[in-house]
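Going by our numbering, the sequence shown opens with residue -7, and the numbers climb by one from there. Even for Gly, the Cβ is constructed at its ideal location relative to N, Cα and C. Since the structure is predicted, the reported quantities are computational estimates derived from the model, not experimental observations.
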Amino acid sequence: ARLNNDPVHYGRALAMQGETLARLGNFEEALETLEVIKTIYDIDTQHVAICKAYGSDRVGQAFAHSVNWNQALGRTDAALETCMYIIEEIVPKSDPRNVHNTMCLLYSVIIAMKDNELALEARDVVLRRVVAPFDEHFGSSGSTPTKELWGPILMLLDLQGNTGKEVKRIDEYLEWVLEEKNMVIKPAILESAFGAFGVTPTAILGEICFNLARRRECGEYKDTLYSMSVAFMEKAVSNSEQIPFANMYAKRKLREIKDLHN
């Protein structure tokens, strides 16, 4: 593809190289592939062709993966810079009807912003760039593989963004979490597929339980919620053994939960 001057497939090959290096824990080398991608990637002229060939913009998604790579290396500023670039430059130029692509672009962004006191800003991005376009083009009854994740993600962002403040839907959130059928990732493939984009969805469930356990309004269920948060985060650790960043994240969150509970 490089010799044939084909930026669509060459870009995808470079993106795969970066993902593979990151899977091996070589985050610095993975970031070097992104620098090459930056020299050939032009969303205005390539986005449609990339999506046609691969279903979503697997080249643009390399920027999303790089958020995790920078975080793994402790480069928070670089990670957040890339988050803003994705939000301001890549997502607005992407096909709003391809909501799956938008979620792939934003998933690592959501997690990075959440962990850096920007949870409510991340929630607004999800509502504007994922939920609203989906409802506009497909209606609330439409389907897409990641739709089941939106509720838990928005819930977590609301809880964490309003730590120490009133959460208007707290009773609804607690009721949802205590309903066992809700605490199952569906479809199951999302666990590994989106774990590769940042953190496993099971880790998100664990964080929801943890945030609820810390709230005075949920005091009656505090011990149950803490136990659930530990169980889900331990599962997230186990499920991400082959995904270095997701595994690092789950282990860190598990330590935080246990330390605060003790």
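1) Quick one: grab the DSSP three-state call for Gln234.
2) Going by C-alpha to C-alpha distance, which of Thr136, Ile102 and Gly17 sits closest to Gly47?
3) Are the region 85 to 95 and the region 36 to 55 in contact at 8 Å, needing three or more beta carbon pairs?
4) Does DSSP put Lys44 in a helix, in a strand, or in coil?
5) Could you check where the alpha helix (DSSP H) with Phe186 kicks off and where it finishes?
6) Hey, could you find the ends of the alpha helix (DSSP H) Ser58 is sitting in?
7) Might you give, ordered along the chain, the residues of its own chain that have their beta carbon closer than 7 Å to the beta carbon of Gly17, omitting 5 neighbours on each side?
8) May I ask whether a heavy atom of the ligand GDP can be found less than 7 Å away from the beta carbon of Pro84?
9) Around the Cβ of Ile89, are there at least 16 other Cβ atoms within 10 angstroms (buried) or fewer (exposed)?
10) Assess, as a yes-or-no matter, whether the region 242 to 252 is touched by the region 52 to 72 under the definition of 3 or more beta carbon pairs within less than 8 Å.
11) Let me check understanding here. Comparing Cα to Cα, which of Asp(-2), Gly156 and Val91 lies closest to Trp142?
12) Using CA coordinates, which residue listed in Lys243, Ala104, Asp(-2) and Glu233 is at the minimum distance from Ala56?
13) Nearest to Phe19 by alpha carbon, out of Phe202, Glu81 and Val59?
14) Is the beta carbon of Ala64 less than 8 Å from the beta carbon of Ala7?
15) So Thr25 packs on Leu13, CB below 8 Å; how close in whole Å?
16) Using the C-alpha atoms, what's the distance from Ile29 back to Ala180?
17) Helix or strand or just coil, what does DSSP make of Ile177?
18) State the DSSP-derived secondary structure class of Asn90, mapped to helix, strand or coil.
19) How would you call Leu110, buried or exposed, if buried means at least 16 neighbouring beta carbons within 10 angstroms?
20) From Asn108, Ile162, Asn174 and Pro125, pick the residue whose C-alpha is nearest to that of Cys75; which is it?
21) Roughly how many angstroms separate the alpha carbons of Arg208 and Ala228, rounded to a whole number?
22) Would DSSP call Asp36 helix, strand or coil?
Put simply:
1) DSSP places Gln234 in coil when its eight states are reduced to three.
2) Thr136
3) yes
4) It is helical.
5) Leu182 to Gly187
6) Gln53 to Ala64
7) Pro236
8) Only the bare structure without any ligand can be found here, which leaves the ligand GDP out of the picture.
9) The residue asked about is misnamed: residue 89 is Arg in this sequence, not Ile. When all chains shown are included, Arg89 counts as exposed.
10) no
11) Val91
12) Ala104
13) Val59
14) no
15) 7 Å
16) 31 Å
17) coil
18) coil
19) buried
20) Looking at the Cα atoms, Asn108 is the closest of the given residues.
21) Arg208 and Ala228 have their C-alpha atoms spaced approximately 26 Å apart.
22) Annotated three-state conformation of Asp36 is helix, per DSSP.
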